[in-house]
Amino acid sequence: MRGIGAIVSALLLVSASAGEIPQQQRRSGYSFMAPDTKAMQDDDTSNPGMLWVLDGEALWNKPIGTANKACADCHGGAKASMKGVAARYPAFDKSLARPVDLEQRINLCRTAQQQAPALDYESHDLLALTAFIAHQSRGMPIAPASDPQLEPFLARGRALFMQRQGQLNLACANCHDDNWDKHLAGSAITQGQPTGYPMYRLEWQTLGSLSRRLRGCMTGIRAQAFSYGAPELVELELYLMSRAGGMPVETPAVRP
Amino acid sequence: MASALINVPKRAKRGDVIEIRALTSHIMETGYRRTAAGEVIPRDIITSFTCRYNGREIFRADMFPAIAANPYLSFFTTANESGTFAFEWIGDNGFSQTASAAITVE
């Protein structure tokens with residue numbers, strides 16, 4: 001009898017949702033890391049993400065495409081023109097009538113302005129440009145755009161975050177809102193705050209985007225992951241950024 | 257692909273023990289992995305790293321497939337004269353990369 005009682009109370013514990021994380025309890029994935037990994041991120045000469053940032057800077061100044069234009073020809077120095085940009089993405093794109101993330105914005109600029117082929121998701125050049133641009137916002141608070149046009153997309157992203165899915169029947173919220181202070185095997189669960197993308201993940205041994213991370217999590221709960229560039233992924237990113245509003249950008253972050 | 261990130265103190269007192277850190281970008285493909293079709297992905301790693309202080313070799317490392325991508329090395333030496341540290345990475349498929357950093361010893 002006592003055994004059954006324990007099981008029932010355990011089930012109650014699991015099903016009782018802790019709800020969204022209060023503002024003052026929000027923590028970057030950084031705070032869950034071991035001192036060695038923190039030190040690796042803190043020092044720009046040991047943070048491998050800086051290799052991509054440096055490449056991105058070279059790409060920023062390199063003329064490409066039929067238009068033979070570099071990013072710098074229109075936007076000038078990224079230090080000034082790209083400061084704070086990553087902190088407010090994904091942003092609404094009028095021509096597509098939906099939000100686009102930073103990677104998609106770069107590709108829109110490439111195809112429309114530079115008249116160059118779009119870069120593949122997770123390709124070295126796209127990650128390098130994204131990392132370089134996002135790096136210009138390092139230390140600035142994430143400031144989601146308060147665009148009324150974004151609201152339906154934000155609501156869909158939030159719904160996706162709360163939606164149970166996959167063979168394990170788990171929602172993002174079941175781990176990252178309800179159980180972020182616990183461990184899954186030896187690893188901290190963390191709150192899933194997207195403060196440092198694109199980031200260098202030691203497990204990946206390379207830099208990767210937020211989309212890649214989300215797809216990895218979806219595979220982990222044995223759900224069919226959304227394809228790169230899918231509107232659902234951007235909606236999730238939009239919700240995650242609004243959920244992390246006010247937290248400082250860390251790009252390029254290092255994570256285990 | 258960006259070459260390397262080097263951290264050498266710009267100035268040091270004669271006799272100081274200084275830390276040198278070198279990070280370079282490389283995929284370090286082990287040669288043990290296979291594609292979905294079952295074909296072996298050929299090995300592509302850095303095999304050797306050397307650091308010379310004013311031409312004299314002060315540190316050397318041989319690398320093997322178990323080393324992670326983008327290898328990061330940290331080591332110590334004694335600062336005894338002003339000059340340059342020259343770094344060289346050599347690897348499979350003719351990979352070769354160099355970098356250097358200057359130090360002033362007072």
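Residue numbers (this note's numbering), protein chains in the order written: chain A, 1 to 256; chain B, 257 to 362. Yeah, the Cβ is synthetic: ideal placement off N, Cα and C, and Gly gets one too. Since this is a predicted model, take the numbers as computed values, not measurements.
Please report the distance separating the alpha-carbon of residue i from that of residue j.
i	j	result
residue 132 of chain A	residue 223 of chain A	32 Å
residue 161 of chain A	residue 147 of chain A	20 Å
residue 72 of chain A	residue 265 of chain B	32 Å
residue 153 of chain A	residue 128 of chain A	27 Å
residue 11 of chain A	residue 168 of chain A	Reliability of the predicted coordinates at residue 11 of chain A is poor, the pLDDT of 43 falling under 50, and no value is obtained from them.
residue 185 of chain A	residue 206 of chain A	24 Å
residue 326 of chain B	residue 285 of chain B	11 Å
residue 226 of chain A	residue 235 of chain A	11 Å
residue 79 of chain A	residue 243 of chain A	26 Å
residue 353 of chain B	residue 310 of chain B	18 Å
residue 259 of chain A	residue 315 of chain B	This structure gives no information on residue 259 of chain A, because the portion of chain A shown stretches from 1 to 256.
residue 361 of chain B	residue 267 of chain B	6 Å
residue 228 of chain A	residue 318 of chain B	39 Å
residue 344 of chain B	residue 301 of chain B	14 Å
residue 320 of chain B	residue 232 of chain A	42 Å
residue 22 of chain A	residue 202 of chain A	29 Å
residue 308 of chain B	residue 83 of chain A	39 Å
residue 211 of chain A	residue 333 of chain B	43 Å
residue 241 of chain A	residue 145 of chain A	10 Å
residue 323 of chain B	residue 126 of chain A	26 Å
residue 282 of chain B	residue 106 of chain A	25 Å
residue 122 of chain A	residue 108 of chain A	16 Å
Counting C-beta neighbours from all protein chains within 10 Å, is the total for residue i 16 or more, i.e. buried, or is it exposed?
i	result
residue 256 of chain A	exposed
residue 183 of chain A	exposed
residue 96 of chain A	exposed
residue 337 of chain B	exposed
residue 59 of chain A	buried
residue 335 of chain B	buried
residue 74 of chain A	exposed
residue 246 of chain A	exposed
residue 296 of chain B	exposed
residue 293 of chain B	exposed
residue 288 of chain B	exposed
residue 349 of chain B	exposed
residue 139 of chain A	exposed
residue 298 of chain B	exposed
residue 257 of chain A	Residue 257 of chain A lies beyond the residue range present for chain A, which begins at 1 and ends at 256; the question has no answer from this structure.
residue 159 of chain A	exposed
residue 68 of chain A	exposed
residue 61 of chain A	exposed
residue 90 of chain A	buried
residue 304 of chain B	exposed
residue 136 of chain A	buried
residue 291 of chain B	exposed
residue 19 of chain A	exposed
residue 351 of chain B	exposed
Name the DSSP bridge partner or partners of residue i?
i	result
residue 331 of chain B	B/276
residue 99 of chain A	A/92
residue 300 of chain B	B/285
residue 315 of chain B	B/307
residue 353 of chain B	B/345
residue 200 of chain A	A/207 and A/254
residue 170 of chain A	A/165
residue 267 of chain B	B/360
residue 290 of chain B	B/296
residue 64 of chain A	A/69
residue 261 of chain B	B/279
Among the residues of its own chain, which have a CB less than 8 Å from the CB of residue i, if the five just before and after it don't count?
i	result
residue 110 of chain A	64, 65, 116, 117, 118 and 119
residue 47 of chain A	40, 41, 200, 252 and 254
Tell me which same chain residues have a C-beta within less than 6 Å of the C-beta of residue i, skipping the five on either side of it?
i	result
residue 76 of chain A	none
residue 277 of chain B	263 and 330
residue 56 of chain A	128, 129, 131 and 132
residue 171 of chain A	162, 163 and 164
residue 166 of chain A	221, 222 and 223
residue 17 of chain A	Legend: pLDDT at residue 17 of chain A = 49, less than 50; position of this residue unreliable, value from coordinates given subsequently. Same-chain partners within the cutoff: 178.
residue 134 of chain A	86 and 251
residue 357 of chain B	262, 264 and 341
Taking 7 Å as the cut-off, is the CB of residue i close to at least one heavy atom of the ligand NAD?
i	result
residue 274 of chain B	Of the ligands one can find in the structure shown there are none, so the ligand NAD has no counterpart to examine.
Grab me the residues of residue i's own chain with a C-beta within less than 7 Å of its C-beta, minus the 5 sequence neighbours each way, in chain order.
i	result
residue 15 of chain A	Unreliable placement is indicated for residue 15 of chain A, whose pLDDT of 42 sits below 50; no coordinate value is reported for it.
residue 38 of chain A	30
residue 239 of chain A	154, 157, 158 and 161
residue 275 of chain B	330 and 332
Using 8 Å as the threshold, is the segment 102-114 of chain A in touch with the segment 41-56 of chain A, meaning 3 or more CB pairs across them? no
With a threshold of 8 Å, are at least 3 pairs of Cβ atoms found where one atom belongs to the segment 172-179 of chain A and the other to the segment 187-194 of chain A? Flag = yes, the segment 172-179 of chain A and the segment 187-194 of chain A touch.
Quick check: the segment 248-255 of chain A against the segment 29-43 of chain A, are there 3 or more CB pairs under 8 Å? Flag = yes, the segment 248-255 of chain A and the segment 29-43 of chain A touch.
Under 8 Å, with one C-beta from each stretch per pair, do the segment 271-278 of chain B and the segment 214-221 of chain A reach the 3-pair mark? No, because fewer than three Cβ pairs between the segment 271-278 of chain B and the segment 214-221 of chain A fall closer than 8 Å, the two stretches do not touch.
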